[in-house]
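So the structure is just underneath, and the comments pick up after that.
Numbering (this note's numbering), first residue to last: 349 to 672.
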């Protein structure tokens, strides 16, 4: 794989960068069953550019590379911090699989390391910037016909049903959600996986929003709630329920200020229940990948064990929402 990329990348980048392109320091950063990420330097004459390559086969879950590039450009146009994209293609012709190449952004994504470099004022600053970034993303243009639009409750119901397995807690969650569904809210560009771990942080500043594979059109509450489920606190106390950075109410108020909108706290709670249920279904799906032999992995098995943790979180949220 490394040799193939080393040989083919110059032809991909030459129309963008011009002149003779050399590829140096090519190295894999992450890898998985679907997409992998590589870092490298593109050298043209005396200029050296640090770039990132994301590459992998298409599937029915993730957005295509060209769509990712278009929506990131749309988000950047309204002020969201995203890497500058040099080129993207849904065709496997050039590199063997669809790909996207963007600039490398300096900073940290590993949450434990980010936590160690932040004090209380740094967490507050970063939380405000996360709210501002989401507000910008939600202002972005949604006219792209390739963007999916669908009912999230129905989609996650269908995904659980497709596994042929469920739990009493999951079923109670779906029943509660169906009985308490809030009125429709304005359709916006939804990142789909906005959370710590998918953000590059430089010091106490948000440098870039990554991982746009799940982008679609939906409700702003979806992104807001996903950021606030317990899994993405990474062990932080409940008082820092928004991404492990600060209070959920502080986060929502910062978003309201940045977006110049008002949020319905009852609707947010509904979306928080759905987000928690979504994470539980994802955990169950990962366990099934391991148990079925599709992808034997201790990591997947460990994630599967978190189903019971998510059920506990879901029960607590449902108890809070009994009177809603």
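Note that the Cβ used here is the ideal one computed from N, Cα and C, for glycine as well. Remember, predicted model here, so these are calculated numbers, not experimental data.
According to DSSP, which residues form a beta bridge with residue i?
i	result
residue 548	556
residue 435	449
residue 386	376 and 401
residue 564	538
residue 392	395
residue 456	549
residue 370	391
Give a yes or no on whether the C-beta atoms belonging to residue i and residue j are separated by under 7 Å.
i	j	result
residue 595	residue 459	no
residue 429	residue 556	yes
residue 571	residue 539	yes
residue 449	residue 401	yes
residue 484	residue 427	yes
residue 356	residue 443	yes
residue 473	residue 587	no
residue 435	residue 549	no
residue 629	residue 525	no
residue 481	residue 558	no
residue 611	residue 604	yes
residue 517	residue 620	no
Apart from the five residues on each side of it in sequence, which residues of its chain come closer than 6 Å, Cβ to Cβ, to residue i?
i	result
residue 602	476 and 479
residue 494	415
residue 370	391
residue 536	486 and 568
residue 385	377, 378 and 402
residue 656	none
residue 456	462 and 549
residue 361	369 and 390
residue 354	371 and 374
residue 650	none
residue 582	459 and 592
Using a Cβ-Cβ cutoff of less than 8 Å, which residues in the same chain neighbour residue i once the five nearest sequence positions on both sides are dropped?
i	result
residue 424	430 and 432
residue 492	415, 418, 419 and 422
residue 469	552
residue 366	392
Near residue i, which residues of its chain fall below 7 Å by C-beta distance, leaving aside the five closest residues on each side in sequence?
i	result
residue 543	574, 575, 580 and 591
residue 531	none
residue 466	474 and 552
residue 654	631
residue 584	592
Using alpha carbons as the reference points, say which of the options lies closest to residue i.
i	options	result
residue 412	398, 421 and 437	437
residue 624	520, 471 and 399	520
residue 566	629, 650 and 490	490
residue 514	659, 534, 488 and 418	659
residue 505	497, 523, 488 and 496	523
residue 560	585, 466, 409 and 468	409
residue 387	422, 440 and 350	350
residue 673	563, 393, 464 and 653	Because residue 673 is not part of the residues shown, which for the chain are 349 to 672, the question remains open.
residue 533	499, 547, 652 and 359	499
residue 541	584, 488, 609 and 626	626
residue 589	467, 502, 394 and 471	471
residue 666	527, 446, 395 and 503	527
residue 488	644, 651 and 607	607
residue 529	650, 464, 547 and 622	622
residue 664	577, 352 and 501	577
residue 398	451, 445 and 584	451
residue 352	440, 394, 396 and 395	440
Could you confirm whether any beta carbon from chain D is found closer than 7 Å to the beta carbon of residue i?
i	result
residue 651	The structure shown contains no chain D, having only a single protein chain.
Please tell me whether, using a cut-off of 6 Å, the distance from the CB of residue i to the nearest non-hydrogen atom of the ligand MG is below it.
i	result
residue 612	The ligand MG is absent from the structure shown, which contains no ligands of any kind.
Which runs of the beta strand (DSSP E) fall wholly inside the segment 577-641 and span at least 3 residues, in chain order? Those beta strand (DSSP E) runs which fall completely within the segment 577-641 and span 3+ residues do not exist here.
Which full runs of the beta strand (DSSP E) of 3+ residues lie inside the segment 471-533, going along the chain? Taking 3 residues as the shortest admissible run, the segment 471-533 contains no complete beta strand (DSSP E) segment at all.
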